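Asker: The sequence shown maps to residues 349 to 821 in this note's numbering.
C-beta: ideal position from N, C-alpha, C; glycine also.
Just so it is clear, the structure is predicted and the values come from calculations on it, not from any experiment.
First the structure, which I've put down as structure tokens, then a few questions once you've had a look.
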Amino acid sequence: MLLSSLVACTGAKQAKLADAISQSAALCDEKRFSEAMTVCSEAEELAQSLDDQYSLGIIYRTMAHISNATYGFSDEIRYLNQSSEAFKSADKPYNRLYVDFEKGLACYNSGDYASAEKVYRNVLFRAHESADTLLEAQCLSAYAALSVEIAEPDPTFAIEMLSRVSSELKCPLNSSDLGILAYAYSLIGQEDEAERMAIASYRAASDAAEKAKADFRLYQVRSRAGKDTDALRSLESVMEYSNSVEMASLRKSVASSRRDYLDQQHNLTRHRLSSARLMAAFLICAFIAIVFALVGYIRYRRLEAEKALAEEKAETEKYIGIAEDLQSKLKTASRRLPSEKHLSIAKFDMLERLCEQYYIYEGTSNLQDKILKEVKTVIDGLRSDPKMIAGLELMLDRNCDEVVSRLRKQIPKLKEDDIKLYIFAASGFSSTTISTILEKEKGVIYNRIWRLKNKISTSEAIDRDDFLRFINA
């Protein structure tokens with residue numbers, strides 16, 4: 349009797365566990381990640397009580413996917429390690445192998461290239477030993493991508509890896525693989541082959557997002573080959589995809605305008621000198637006085653021009669610094685699948701490319717004003733475009749357990765300007781970035797943030813400590 353009761357109880361737990369695993373997967377598909385994590389935690393307790401290591405492996409893998417979707421790469425790696433150990437205990441080497449590969453991708457996404465390389469090497473050996481051609485090909489492609497992204501790229505190694513995929517494993521190269529090949533050939537100076545591969549990458553692209561990535565590879569290849577016009581044309585295509593708007597025509601550069609002005613002054617001086625030669629001797633002293641006055645004026649104008657140039661450079665560096673600040677806070681969004689990207693968040697993907705373009709051409713005539721203009725466009729969007737603010741709010745909610753939604757609900761009296769300030773501060777933007785976006789002095793921003801903290805701390809909000817934690821960090 350007792351034995352039958354135990355069997356019945358165990359069977360009920362197993363059914364409940366299977367139900368929870370299925371429910372968590374469905375919630376993930378619906379992007380209800382907080383609820384999915386709660387269900388996974390309940391399922392974890394059930395699986396541990398049953399010592400069901402296989403189910404634990406599935407649960408931890410689901411929790412890792414949730415962490416990836418919410419930008420928690422360190423948590424993702426931790427859960428993948430737990431999943432791998434659970435599958436090892438359950439004697440499921442196939443499942444463990446794929447989880448270990450996902451761990452390599454997670455390390456790569458988090459910027460831990462050394463750990464990613466170590467995992468890739470291990471997975472490649474095991475995939476080859478188990479004759480898993482598909483996983484071996486996937487791992488080789490990932491390894492090739494890593495080898496051109498590290499501080500000291502190894503393009504030859506990347507080419508060898510992708511050659512194995514196509515020749516030995518007979519797996520076709522996709523658009524991304526061809527783009528990596530193009531960049532690798534560019535790094536070793538084979539410009540014609542790099543161009544050919546970049547064009548092949550573009551032709552193999554199946555949607556707008558892949559075409560944009562292929563355009564960026566074309567930009568990298570042509571930029572390194574010195575084809576500045578073609579490179580900028582490819583970069584414009586990437587920007588068009590990111591912004592979904594037509595690019596404005598190029599403004600006349602400030603440096604060019606300044607040169608035109610000085611040329612006009614030079615011509616004016618020459619004309620005056622020519623006229624002075626016809627004057628009588630008694631006008632010589634007056635002419636000299638005019639020349640000295642003119643030289644002084646030109647010198648004054650030159651000093652003014654140098655001062656304006658210095659101010660322009662300082663403004664440019666400030667905006668580039670702000671662009672890097674924004675990009676560093678929103679970089680994780682660029683690692684999401686294109687189909688999952690919010691339009692407002694996706695606009696920040698090209699900030700890193702704009703910064704790279706700035707440092708490549710800094711101090712040359714090739715630095716186009718439209719690059720700085722594009723950075724200012726993003727900042728102006730953050731200042732006035734509700735869609736971009738909504739994008740930041742969406743990312744914060746995904747990252748931080750609906751923190752902005754809870755703030756709106758628990759403190760409904762907060763003004764929309766206070767909500768916007770909270771979003772910027774909680775996103776980790778520097779005081780320089782916020783003051784530029786809001787067009788206020790830093791002292792004003794400090795005071796506003798202090799008053800906002802006071803409003804939150806004196807409110808009756810249940811989660812006020814949690815709200816304060818995000819803007820105190």
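CA-CA distance, A562 and V471?
Answerer: A562 and V471: Cα-Cα distance of roughly 28 Å.
Asker: CB A546 to CB A530, shorter than 8 Å?
Answerer: A contact, by the Cβ cut-off of 8 Å.
Asker: Please state whether DSSP places K761 in a helix, a strand or coil.
Answerer: In this structure, K761 counts as coil in the three-state DSSP scheme.
Asker: Three-state secondary structure (DSSP) at S778?
Answerer: Residue state, collapsed to three classes: coil.
Asker: For Y446 versus L494, is the C-beta distance shorter than 8 Å?
Answerer: No. Outside cutoff.
Asker: Buried or exposed: where does R599 fall if 16 or more other Cβ atoms within 10 Å of its Cβ makes it buried?
Answerer: Note that R599 scores 31 on pLDDT, short of 50, meaning its location in the model is unreliable and no value can be drawn from it.
Asker: Verify whether the separation of the beta carbon atoms of L769 and I797 is less than 8 Å.
Answerer: Taking 8 Å as the Cβ cut-off, L769 and I797 qualify as a contacting pair.
Asker: Could you have a look at S592 and say whether DSSP puts it in helix, strand or coil?
Answerer: Low confidence applies to S592: its pLDDT is 45, below 50, so where it sits in the model is not reliable enough to give any reading.
Asker: Mapping DSSP to helix, strand and coil, what is L642?
Answerer: The answer is helix: DSSP assigns L642 an H, G or I state.
Asker: Out of curiosity, what's the CA-to-CA distance linking K689 and D367?
Answerer: Note on K689: pLDDT 43, under 50, position unreliable in the model; no value is reported.
Asker: When you compare the CB positions of A395 and L365, do they come within less than 8 Å of one another, or not?
Answerer: The answer is yes: Cβ separation under 8 Å.
Asker: Is the region 532-539 touching the region 490-508 in the sense that three or more CB pairs, one from each, lie closer than 8 Å?
Answerer: In short, these stretches touch, since the Cβ pair count reaches three.
Asker: Taking only runs of the beta strand (DSSP E) that begin and end inside the region 461-538, which ones reach a length of at least 3 residues, in chain order?
Answerer: As far as the region 461-538 is concerned, it has no whole beta strand (DSSP E) run of at least 3 residues.
Asker: Is there a Cβ from chain B that is less than 8 Å from the Cβ of I759?
Answerer: In the structure shown, chain B cannot be found, because there is only a single protein chain.
Asker: Using the C-alpha atoms, what's the distance from L762 back to R756?
Answerer: Going from the Cα of R756 to the Cα of L762 covers about 7 Å.
Asker: Of all the options I782, S779, R544 and E750, which has the alpha carbon lying nearest to the alpha carbon of F815?
Answerer: Checked all of I782, S779, R544 and E750; the closest Cα to F815 is E750.
Asker: Let me check understanding here. Comparing Cα to Cα, which of K379, K801, G776 and A506 lies closest to T418?
Answerer: Checking every option, the nearest Cα to that of T418 belongs to K379.
Asker: Once you ignore the five residues that flank T680 on each side, which residues in its own chain have a CB closer than 7 Å to its CB?
Answerer: With a pLDDT of 47 at T680, under the threshold of 50, the modelled position of that residue is not reliable, and no figure is offered here.
Asker: Please name the residue, chosen from F772, P760 and D765, that lies closest to D745 on a Cα-to-Cα basis.
Answerer: Residue F772 is the option with its Cα nearest to D745.
Asker: Using only alpha-carbon positions, find the residue among G452, N416 and L786 that is nearest to S432.
Answerer: Ranking the options by Cα distance to S432, first place goes to G452.
Asker: Give me the Cβ distance between L404 and K361, rounded to the nearest whole Å; I'm assuming they're in contact under 8 Å.
Answerer: Between K361 and L404 the Cβ distance is about 14 Å, and since that is not below 8 Å, they are no contact.
Asker: Comparing C-alpha positions only, which one of C388, N416, E654 and G776 sits nearest to N457?
Answerer: The residue with the shortest Cα to Cα distance from N457 is N416.
Asker: Going by beta-carbon coordinates alone, are Q486 and A438 separated by less than 8 Å?
Answerer: No.
Asker: On the DSSP letters alone, give me the boundaries of the alpha helix (DSSP H) that D745 sits inside.
Answerer: Per DSSP, D745 belongs to the alpha helix (DSSP H) from P734 to N747.
Asker: Can the beta-carbon of S489 be found less than 8 Å from the beta-carbon of D525?
Answerer: Yes. Within cutoff.
Asker: Where does E477 land, buried or exposed, given buried means 16+ other C-beta within 10 angstroms?
Answerer: So E477 counts as exposed.
Asker: Between the C-alpha atoms of T806 and I759, what's the straight-line distance to the nearest angstrom?
Answerer: Looking at the two C-alpha atoms, the distance is approximately 11 Å.
Asker: How many Å lie between M743 and Y648 at the Cα?
Answerer: Computed Cα separation, rounded: 51 Å.
Asker: Taking buried to mean at least 16 other C-beta atoms within 10 Å of its own C-beta, is F473 buried or exposed?
Answerer: The residue in question, F473, is exposed, as its Cβ has fewer than 16 Cβ neighbours within 10 Å.
Asker: Can you name, in chain order, every residue of its own chain whose Cβ lies under 7 Å from the Cβ of R469, other than the five neighbours on each side?
Answerer: Taken in chain order, the list of residues that qualify is empty.
Asker: Does S601 come out as helix, strand or coil in the three-state DSSP assignment?
Answerer: Since pLDDT at S601 reaches only 32, below the 50 mark, its modelled position is unreliable, and the value read off the structure follows with that caveat. It is coil, neither helix nor strand.
Asker: What are the boundary residues of the alpha helix (DSSP H) that includes A434?
Answerer: Run containing A434: F421 to S437, per the alpha helix (DSSP H) assignment.
Asker: Whole angstroms are fine: how far does the CA of E652 sit from the CA of I498?
Answerer: Distance between the alpha carbons of I498 and E652: 44 Å.
Asker: Is L800 near I793, with beta carbons less than 8 Å apart?
Answerer: No, the Cβ-Cβ distance between L800 and I793 is not below 8 Å.
Asker: Expressed to the nearest angstrom, what Euclidean distance is found between the alpha-carbon atoms of K788 and T781?
Answerer: Going by the C-alpha atoms only, they are around 10 Å apart.
Asker: How about S449 and L483: do their beta carbons lie closer than 8 Å?
Answerer: Looking at the sequence shown, residue 449 is not Ser but Phe. Their beta carbons are under 8 Å apart, which means F449 touches L483 by this criterion.
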